[in-house]
Amino acid sequence: MTARYYADETTMKLAVQNGEIDVAGRSLGATDIADLKNDDSVQVIDGPGGEIRYITFNLNTQPFGKTTGEADEAKALAVRQAAADLIDREELSTEVYNGTYTPLYSYVADGLSGANEALKGLYGDGDGGPDADKAAKALSDAGVATPVALQLQFNPDHYGAGSDDEYALIKQQLEATGLFQVNLQSTIWDQYSKARVNDEYPAYQLGWFPDYSDADNYLTPFFSPQSFVKNHYDDAAVADLITQQLSEADATKRAELIGQIQDAVAADLPTLPLLQGSQVAVAGEGVDGVTLDASFKFRYAPITKG
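As structure tokens, then:
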């Protein structure tokens, strides 16, 4: 069996349609998937997914961040809270991704032990939708003048072709009530991956494909002192809870700790989860055994052709 990597999703889509490859997976965009579902020469297989998409706030350089000339922790938090109040995940899911990504209201992917919806009750209308009045109150109570100028960066070539439309819609959602003025910019991945860890982006897009199907893979890499996110989030209580859940043998107690971590991080908002992706594979004619399950691993062994 041969694995082949493609630089863009359109080329991969055409390859599976033309029979040049037997199975395509992971990087296909929502429009391509919708088209392929109407193509009788291929099969579209869905499964549970752990990919997440989110906004990261650089706690040093965001509006009122620690190293800015107007540093104010309360105002900085209010800016993050207001953004969380205004985001409409359902609209992002349906308008940009045709439901191939679904709203995510916490930090651990839905379906894993310990996952909750910590953000849902804290922000927006309390039921997953946006609430402009609540956003305005968060800013007003903290003494933040509006509109808040926010530089928001995204990447057009690493997280799929939908990123352009996704972040254009996020900009629209944030600006609709006049509470934010968003300077939206994009940068290719080679530069983006270096610039984001050098404090060049006050707020920016990231995504995550889990290494394994466990809640810790959404916690330790993000919120421990050695976080790959490098957005200057450092909370001793959260770090201690992360350490505790790693060594907790009792599944029920561990799930409780994982819930506590999500609740604590939701109050701090160093990142803002947006969407969770399902796994999708497209198989050609005569291909059987493509399996997408909660391990999030692509299984080669069961695949047959003939």
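Residues 1 to 306, numbered by UniProt numbering, are exactly what the sequence shown covers, in order.
Think of the CB as a built atom: it goes at the ideal place given N, C-alpha and C, for glycine as much as any other residue.
DSSP-derived helix/strand/coil call for residue i
{"i": "residue 188", "result": "coil"}
{"i": "residue 180", "result": "strand"}
{"i": "residue 167", "result": "helix"}
{"i": "residue 305", "result": "strand"}
{"i": "residue 3", "result": "coil"}
Residue i: first and last residue of the uninterrupted beta strand (DSSP E) it sits in
{"i": "residue 56", "result": "42 to 57"}
{"i": "residue 102", "result": "101 to 103"}
{"i": "residue 218", "result": "Run containing residue 218: none; DSSP gives neither H nor E here."}
{"i": "residue 151", "result": "148 to 154"}
{"i": "residue 24", "result": "23 to 25"}
Where the alpha helix (DSSP H) containing residue i begins and where it ends
{"i": "residue 140", "result": "132 to 141"}
{"i": "residue 81", "result": "73 to 86"}
{"i": "residue 157", "result": "Run containing residue 157: none; DSSP gives neither H nor E here."}
{"i": "residue 310", "result": "Lying outside 1 to 306, the shown extent of the chain, residue 310 is not represented and no answer is given."}
{"i": "residue 31", "result": "30 to 37"}
{"i": "residue 145", "result": "Counting along the chain, residue 145 falls outside any alpha helix (DSSP H), and DSSP gives it neither H nor E."}
{"i": "residue 10", "result": "9 to 17"}
Proximal residues to residue i (C-beta, below 6 angstroms), its chain only, five neighbours per side dropped
{"i": "residue 135", "result": "82, 85, 86 and 179"}
{"i": "residue 151", "result": "183 and 202"}
{"i": "residue 158", "result": "189"}
{"i": "residue 118", "result": "106, 262, 263 and 266"}
{"i": "residue 181", "result": "147 and 149"}
{"i": "residue 131", "result": "85, 124 and 125"}
{"i": "residue 310", "result": "Residue coverage of the chain in this structure runs from 1 to 306, which leaves residue 310 outside it and unanswerable."}
{"i": "residue 232", "result": "59 and 60"}
{"i": "residue 208", "result": "52"}
{"i": "residue 43", "result": "283"}
{"i": "residue 15", "result": "21"}
Per DSSP, the bridge partner or partners of residue i
{"i": "residue 203", "result": "57 and 152"}
Spatial neighbours of residue i in its chain, beta-carbon cut-off 7 angstroms, leaving aside the 5 residues before and after
{"i": "residue 103", "result": "89, 90, 93, 128 and 275"}
{"i": "residue 257", "result": "241, 244, 245 and 248"}
{"i": "residue 100", "result": "30, 33, 277, 278 and 280"}
{"i": "residue 162", "result": "29, 30, 96 and 97"}
{"i": "residue 291", "result": "299 and 302"}
{"i": "residue 295", "result": "213"}
{"i": "residue 72", "result": "64"}
Beta-carbon contacts of residue i that lie in its chain and below 8 angstroms, excluding the five residues immediately before and after
{"i": "residue 28", "result": "9, 12, 13, 36, 280 and 282"}
{"i": "residue 108", "result": "114, 115, 116, 215, 218, 219, 258 and 262"}
{"i": "residue 46", "result": "278, 279, 280 and 292"}
{"i": "residue 260", "result": "241"}
Neighbour flag for residue i against chain C, beta carbons, 8 angstroms
{"i": "residue 74", "result": "Any reference to chain C falls outside this structure, which holds one protein chain only."}
Residue i Cβ short of 7 angstroms to the ligand ATP heavy atom set
{"i": "residue 113", "result": "Although the ligand ATP was asked about, the structure shown includes no ligands whatsoever."}
Curious, which full-length alpha helix (DSSP H) runs of at least 4 residues does the segment 215 to 293 contain? 220 to 223, 236 to 247 and 251 to 268
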